[in-house]
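Q: To convert, note that position 130 of the sequence shown is 130 in UniProt numbering; the numbers rise steadily by one, no gaps.
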Amino acid sequence: MPTQETLIPLSGWRRKLYIIIYEADTRAGRIFDMALIIAILISVACVMLESVSSIRQRYGTLLTALDWTFTILFTIEYALRLICVHKPLRYVKSFFGIIDLLSILPLYLGLFIPESRFLADVRILRLLRMFRILKLSRHLGEAAQLQKALMASRRKITVFLVTVVLLVIIQGTLMYVIEGPEHGFTSIPVSIYWAIVTLTTVGFGDITPKTPMGQALASLVMITGYGIIAVPTGIVSAEIARSTANEPSDNRSATRLCPHCFSEGHDWDARHCKHCGGQLPRPAKGEVS
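(1) Assuming residue 261 and residue 280 make a contact with CB atoms under 8 angstroms, what is their CB distance in whole Å?
(2) To the nearest angstrom, how far is it from the Cα of residue 17 to the Cα of residue 229?
(3) Do you know whose CA, among 207, 93, 101 and 271, lies nearest residue 72's CA?
(4) Return helix, strand or coil for residue 183, following the three-state DSSP convention.
(5) Between which residues of its own chain and residue 22 is the CB-CB distance below 6 angstroms, once the five residues before and five after are set aside?
(6) Give the straight-line distance between the Cα atoms of residue 252 and residue 205, rounded to the nearest whole angstrom.
(7) Can you give the Cα-Cα distance for residue 124 and residue 92, rounded to whole angstroms?
(8) Can you round the beta-carbon distance between residue 121 and residue 44 to whole angstroms, since I take them to be within the 8 angstroms contact cut?
(9) With a threshold of 6 angstroms on Cβ separation, who are the neighbours of residue 171 within its own chain once the five nearest residues in sequence on each side are excluded?
(10) DSSP state of residue 158, grouped into three classes?
(11) Rank 84, 78, 116 and 83 by C-alpha distance to the C-alpha of residue 98 and give the top, closest one.
(12) In this structure, does DSSP put residue 129 in helix, strand or coil?
(13) Rounded to whole angstroms, how far is the Cβ of residue 191 from the Cβ of residue 175, which I believe are closer than 8 angstroms?
(14) Can you tell me whether residue 70 is buried or exposed, with buried defined as 16 or more other CB within 10 angstroms of its CB?
(15) Cα separation between residue 232 and residue 173?
(16) Under 8 angstroms by Cβ, that's how I've got residue 56 and residue 50 pegged, so tell me the actual separation to the nearest angstrom.
(17) Please report the straight-line C-alpha distance between residue 64 and residue 36, rounded to a whole angstrom.
(18) Of the choices 52, 48 and 81, whose alpha-carbon is the least far from that of residue 32?
(19) Have a look at 12, 203 and 152 and flag the residue whose alpha-carbon is nearest the alpha-carbon of residue 240.
(20) Taking 7 angstroms as the limit between beta carbons, can you name the residues of its chain near residue 107, skipping five residues before and five after?
(21) For residue 48 and residue 83, what's the separation of their Cα atoms in angstroms?
(22) Are there 16 or more other CB atoms within 10 angstroms of the CB of residue 198, so buried, or fewer, so exposed?
(23) Please report the distance separating the alpha-carbon of residue 109 from that of residue 74.
(24) Out of 129, 237, 274 and 181, which one is the CA nearest neighbour of residue 29?
The following block contains the structure:
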């Protein structure tokens, strides 16, 4: 049950700031989000260009300045997101909260570990907000459906992965016994690596069996690999079909976000969160467009 604290609505400047930053259904919110998307794209492009040595030598100072500018802006934005919610720690631990934090840390870490600043490209994950910003509610629903299917089939997939691990250990050990160090299979771990590469149909070709028995085993592993690929696909597809059959055909939900638990998909006329019961802030008249 939600506490009395979570039911207190946002008011004043915090409410206005919340609507601008979190609500994608308002004019101000869309302007803010589109500006944020543009800033993310430019900042990621700067990091990518800086990794090219010829461009870095010529425009390195400019790219570094831009990178720091965007990082400071994203830091201010992250702080504002914490200010205008009821429970900042809950946002910090949410999916987008973690992504937002990871997007600003690399450049600060770059002061101590220079190479880590290129990890700023992780901020490209912030573009996942485009689904709610552009009102792609159908995509949001299908993403949630896929997530539910993966969660429902996690035990089956776990059993499948354990079986595959046992299989590659056996196959790698057999190949080590058959081929031996003289043909490149210098140890059982190396042979297991070969079995994984072969079973997944990647086939780097850095290690290949030379004896007829080893080639026969390799052929069996490759054929098995094609059959194994279909197993997880079938498991997840069955769960998706089952969840689709159980869901209502009409799901009219907006992209409103709860300031208490940060869940999405609430109806536009909803007054309280359907997950935690917290009160949802509503834009003033005229703010929705």
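Beta carbons: idealized from backbone N, C-alpha and C, even for Gly.
A: Reading from the atomic positions:
(1) So it is not a contact: roughly 11 angstroms between Cβ atoms.
(2) 48 angstroms
(3) For residue 72, the nearest C-alpha among the options comes from 101.
(4) helix
(5) 257
(6) Residue placement at residue 252 is poorly supported in this model, since its pLDDT is 47, which falls under 50; the coordinates still yield a value, given next. Whole-angstrom Cα-Cα distance: 52 angstroms.
(7) 18 angstroms
(8) 6 angstroms
(9) The beta carbon of residue 171 sits closer than 6 angstroms to those of 195 and 221, all from its chain and outside the five residues before and after it, given in chain order.
(10) helix
(11) The closest CA to that of residue 98, considering only 84, 78, 116 and 83, is found on 78.
(12) helix
(13) Their Cβ separation, rounded to whole angstroms, is 5 angstroms, which keeps residue 191 and residue 175 in contact under 8 angstroms.
(14) buried
(15) 25 angstroms
(16) Contact holds; Cβ gap of about 5 angstroms.
(17) 19 angstroms
(18) 81
(19) 152
(20) 67, 68, 71, 117 and 120
(21) Whole-angstrom Cα-Cα distance: 32 angstroms.
(22) buried
(23) C-alpha of residue 109 to C-alpha of residue 74: approximately 15 angstroms in a straight line.
(24) Check the Cα spacing between residue 29 and each of 129, 237, 274 and 181: the tightest is with 129.
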